[in-house]
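Note sheet for the following structure.
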Amino acid sequence: MPTVQKKTKSKTTKKRKKKLVIVESPSKAKTIEKYLGSTYKVMASLGHIRDLPKSTMGIDMENNYEPHYISIRGKGDIIKQLRKEAKKASKVYLAADPDREGEAIAWHLSYLLGLNPEDNNRVVFNEITKDAVKNAFKHPRSINMDLVDAQQARRVLDRLVGYSISPLLWSKIKKGLSAGRVQSIALNLIIKREQEIRNFKPEEYWTIDAKFKSGQQQFAASYLGIDSKKKPLKNNDDVQNILQRIDSKKPFVIKKVDKKERQRFPALPFTTSTMQQAANNILKFRTQKTMMVAQQLYEGINLGKGGSVGLITYMRTDSTRVSNIAVHETSQFIHEKYGSEYAAVKPRKGKLAEGAQDAHEAIRPSSTMRTPESIKEYLNKDQFKLYSLIWSRFVASQMTPAVFDTMTVDLEQNQVTYRARGSKMKFLGFMLVYKEAKHKDNTLPDLQVNKTVKLVSNQPDQHFTLPPARYTEAALIKTLEENGVGRPSTYAPTLGTIQKRYYVKMAARKFEPTELGEIVNSMMEKCFPDILNVDFTANLEDQLDEIEEGKQKWIEVIDQFYQPFAKEVTSAEDKMAKVKIKDEPAGINCDICGAPLVIKLGRFGKFYACSRFPDCHNTKPIIKKIGVTCPKCHKGEVVERKSKKNRVFYGCSRYPDCDFVSWDKPVGRTCPKCQHYLVEKKGKNSKKIKCSNCDYVEVQD
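In the working numbering, the protein residues as written are 236 to 936.
Below is the structure:
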C-alpha cells in the first residue's frame with residue numbers, strides 16, 4: 236500500500252503591526268519610544284504641519300471666517316512618511332503637547348492622515364516620565380474641539396489684525412513692517428514708559444543718616460521726622476532747621492523699642508511668566524532662551540544608563556497647582572534631607588489669577604529626588620542653571636517659612652526723631668534651599684526705652700527723584716500678565732517680534748524704542764485705538780478662554796471683533812497720512828562714486844547708503860569707535876558692531892584682514908599678570924575690569 240505523504244505547513248511568523256505615536260520633536264519621540272517599548276513606533280512631525288498661507292489672508296470672510304489651511308512648505312516629505320507609517324500601523328496616537336496649540340497640531344494631523352477626530356487617539360501627559368506616559372496611554376481620549384477652536388480663533392484673530400494693518404504700514408511708512416494684537420500693546424507700553432521718562436521732572440529731597448553709640452557698639456539710624464511722625468526734607472533749609480534743633484553734646488533718648496518675630500513665606504512654584512521673569516532677573520536669560528532650555532528639560536535629557544528622562548513638567552502653564560503625588564514625594568525628601576522642622580505641614584496654595592487656565596500643574600521637577608547636583612554631569616551649563624532654579628523654587632515652596640527677629644527703635648532729642656531698624660535670622664526655613672531669597676543680618680545693640688545713646692555722626696545727603704526705569708523683559712512680561720494681555724505661550728515670540736522689526740532695541744538689558752517704533756505706534760494710536768486698549772485685548776483673551784471652556788462659539792467671537800475692526804481699517808486707509816522717513820546727511824562721501832552718504836533706516840537699524848541710489852548701491856554699516864587700538868593686529872581700531880540677533884560685540888576695523896572679536900568691551904590696557912588685553916564687565920551695581928585670559932580682576936564702584 237503506497238504511503239501518503241502529509242503536507243506540513245511551513246511555520247511563518249506574521250510581523251505584528253506596531254502602534255504609531257506622533258509627537259512634535261525628535262528628542263521627545265526618542266524619550267517616549269524608550270518608555271513604550273518595541274510594540275510602538277514614535278515619530279516627530281517637527282511642529283506644525285498645516286497652517287494658513289503666508290502669501291494671502293487665507294480666511295474666507297464671506298463664509299463664516301473659514302480658514303484656508305495648506306501644508307507647510309518643506310513638510311511634504313514628513314507628511315508622506317507619516318501617512319505611510321499610519322497605513323501600516325494597528326493604531327495611531329497623537330501625543331502633541333497638552334495645550335491649545337498641541338490640540339490644534341493633533342487635529343491637523345488627524346485631517347492629513349484621514350483619522351476620525353472623534354476616535355480615542357489623543358494622548359496627553361504633563362510630564363515625560365515612564366509612569367506618566369504609560370498611564371496616559373491607558374486613557375486616550377478624542378480630540379477636544381473646544382481647545383482646537385480656541386487656538387483656531389487666536390490664529391484667525393491674529394491673521395485678521397496682522398494682514399489688515401500690515402499692508403497699510405507698508406504703503407504709508409515702509410515695507411517689512413507688521414502689527415499684531417499683543418505685540419502692538421507691548422510696543423505701546425514701552426513707548427509710554429519712554430514718554431514718562433522724557434517728561435519726568437526730578438524733585439529734590441534730602442536724607443540724614445547718622446551713627447549712634449551704645450556702650451562700645453555703634454549702629455546706624457536715619458532721620459524720620461518730628462515726634463515720631465514722618466516729615467520729609469524737601470530742601471537744604473529743611474535740613475538746616477533739623478540740624479539746628481540737635482545739640483551734639485546731648486544724648487538721644489530711646490522713646491520706643493518694637494521687637495517682633497517676622498515670617499517670610501516661600502514663593503509659589505513657577506508658572507511660565509514667573510519662570511521667565513526669574514530666569515531673566517537671576518540668570519540673565521532672554522525669554523526665548525528660557526523657553527528653549529525649558530523645552531529641552533521637558534522633552535528629555537539622556538542621563539547615561541537611565542536613558543532619556545523628562546526632567547520638568549510642561550513649561551507652558553499659568554497655574555500654581557501641584558499634584559498630591561509630587562507634594563508627598565517632596566515632603567519625604569525634605570524630611571530625609573533637611574529634617575522635619577523644614578517641611579511645611581500645609582504648603583502654600585496660590586490663588587488662580589483671573590483668566591488663568593488650570594489644565595496643567597505648576598512648573599516643577601518631574602522627581603524631587605533628582606537633585607541638580609546628582610545629574611549635573613549630564614546637563615550643559617544653561618540646562619543646569621535653569622533646572623537648579625526650577626528645582627530649588629519648587630522644593631522651597633513646600634518648606635516652612637524663614638523666621639527673623641526684627642527690632643525697630645525710635646531715638647529722640649528736642650522732638651527730632653531718628654529710626655533704627657535691625658533684623659537677625661532666627662530660622663532659615665525655605666531659604667536653606669532657595670538661595671535667590673537673600674538676607675543680610677543687621678543686628679542692633681540691646682536698646683531699652685528711656686535709656687540714652689550718643690550721637691557719633693550726622694550725614695545729610697541731597698537726592699533727586701528718578702524717572703521710572705525702562706522695561707526689562709521680566710518687567711514687561713509681568714506688566715502684560717497683570718493686565719491680562721497674552722498668555723504664557725505668547726510672551727517669548729511677542730518680545731522677539733518687536734525686536735526683529737526694529738521697533739525696539741535692547742540697551743543695558745532694557746527696552747528702548749526706536750524712531751521706527753515710535754512712528755508705527757503713533758499710527759496705531761490714531762487709527763486703531765481698540766487694538767492698543769489693554770482692557771479690550773484682555774477681554775478678547777477672556778473670550779478665547781470661554782471658547783476653550785465651551786461657553787462661546789469661535790465664529791461669533793471673531794465676528795463681534797471683525798465687524799467694527801473692518802470699518803476701522805477702511806477709515807484708516809483715508810485717515811493714515813503717508814510718512815516719509817527722511818535720510819540724514821552722514822557728513823562723509825561714498826568711497827565708490829564720491830557722492831555724499833546718507834543715514835537710512837532699515838529693518839535692522841540705521842546704516843550708511845549712497846545718496847545716488849539706485850545708480851550707486853554702496854552701503855556701509857555705521858561703526859562706533861571706542862578709542863582702543865586692536866589688541867591683536869595693533870593697527871586697526873576696536874569698533875562696536877552688532878550680530879544678526881542685534882547683540883553688541885567688538886571687532887577690529889580692519890576686518891576681514893584682522894579677525895579680532897570680543898563680546899566684552901576692551902579697555903585699552905594689558906593684564907599685569909599675563910599681558911593679555913583687559914575687558915570691562917558690568918554688574919548690577921558695579922563694574923569689573925578683568926583679564927580676557929587669566930583670573931586677574933579689578934573691582935570698581
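Note that the Cβ used here is the ideal one computed from N, Cα and C, for glycine as well. These numbers were taken from a predicted model, which means no experiment stands behind them.
Simplified DSSP state of residue i, which is helix, strand or coil
i, result
"GLU353", "coil"
"CYS865", "coil"
"CYS909", "coil"
"SER345", "helix"
"GLU608", "helix"
"TYR843", "strand"
"ALA561", "helix"
"ALA591", "Only weak support exists for where ALA591 lies, its pLDDT of 44 falling under 50; the value from the coordinates is given anyway. Coil at ALA591, not helix or strand."
"ASP780", "helix"
"ARG335", "helix"
"PHE639", "strand"
"ALA279", "strand"
"ASP899", "coil"
"ASN537", "strand"
"CYS762", "helix"
"LEU468", "strand"
Residue i, buried or exposed, once every other Cβ within 10 Å from all chains shown has been counted against 16
i, result
"TRP898", "exposed"
"TYR346", "exposed"
"ASP777", "exposed"
"HIS698", "exposed"
"LEU701", "exposed"
"THR805", "exposed"
"THR274", "exposed"
"GLY309", "exposed"
"TRP405", "exposed"
"LYS263", "buried"
Cβ pair residue i, residue j closer than 7 Å
i, j, result
"ARG599", "PHE568", "no"
"ARG376", "ASN355", "yes"
"LYS925", "VAL932", "yes"
"ILE294", "PRO302", "yes"
"ILE832", "TYR843", "Checking the sequence, you will find Leu at residue 832 rather than Ile. Yes, they are a contact pair."
"THR652", "GLN418", "no"
"ARG497", "THR643", "no"
"ARG744", "THR707", "yes"
"PHE447", "VAL688", "yes"
"ASP462", "GLN650", "yes"
"THR555", "ALA597", "yes"
"ILE712", "GLN475", "no"
"LYS365", "TYR270", "yes"
"ASP381", "GLY785", "yes"
"ASP286", "ILE314", "no"
"LYS490", "ASP645", "yes"
"THR772", "VAL739", "no"
Range of the contiguous alpha helix (DSSP H) that encloses residue i
i, result
"MET527", "522-534"
"TYR398", "380-407"
"THR729", "726-735"
"ASP493", "Segment 487-499 is the beta strand (DSSP E) holding ASP493; no alpha helix (DSSP H) there."
"VAL474", "471-480"
"VAL417", "416-434"
"PHE796", "789-810"
"LYS319", "311-323"
"LYS855", "Not the alpha helix (DSSP H): LYS855 falls in the beta strand (DSSP E), residues 854-856."
"THR509", "507-517"
"LEU711", "708-717"
CB contact below 7 Å: residue i versus chain D
i, result
"LYS524", "Any reference to chain D falls outside this structure, which holds one protein chain only."
Extent of the continuous beta strand (DSSP E) run through residue i
i, result
"HIS698", "687-699"
"SER457", "452-461"
"TYR270", "Looking at the DSSP string, TYR270 is not in any beta strand (DSSP E); the run it does join, the alpha helix (DSSP H), is 261-271."
"TYR622", "Where TYR622 is concerned, there is no enclosing beta strand (DSSP E), although the alpha helix (DSSP H) it sits in stretches over 616-632."
"GLY837", "831-837"
"SER449", "439-449"
"LYS745", "745-748"
Contact belief for residue i with residue j at Cβ below 8 Å, rounded distance in angstroms
i, j, result
"GLN531", "ALA727", "At roughly 14 Å, the Cβ-Cβ gap does not stay under 8 Å, so GLN531 and ALA727 are not in contact."
"ARG654", "LEU459", "4 Å"
"LEU403", "PHE796", "So it is not a contact: roughly 18 Å between Cβ atoms."
"MET423", "ASN756", "The question names Met, yet the displayed sequence has Asn at residue 423. About 6 Å; that satisfies the 8 Å criterion."
"THR606", "ARG551", "Going by Cβ atoms, the distance from THR606 to ARG551 rounds to 25 Å, so no, they are not a contact pair."
"ALA1003", "ILE257", "Residue 1003 is absent from the model: the chain starts at 236 and stops at 936."
"GLU338", "ILE378", "7 Å"
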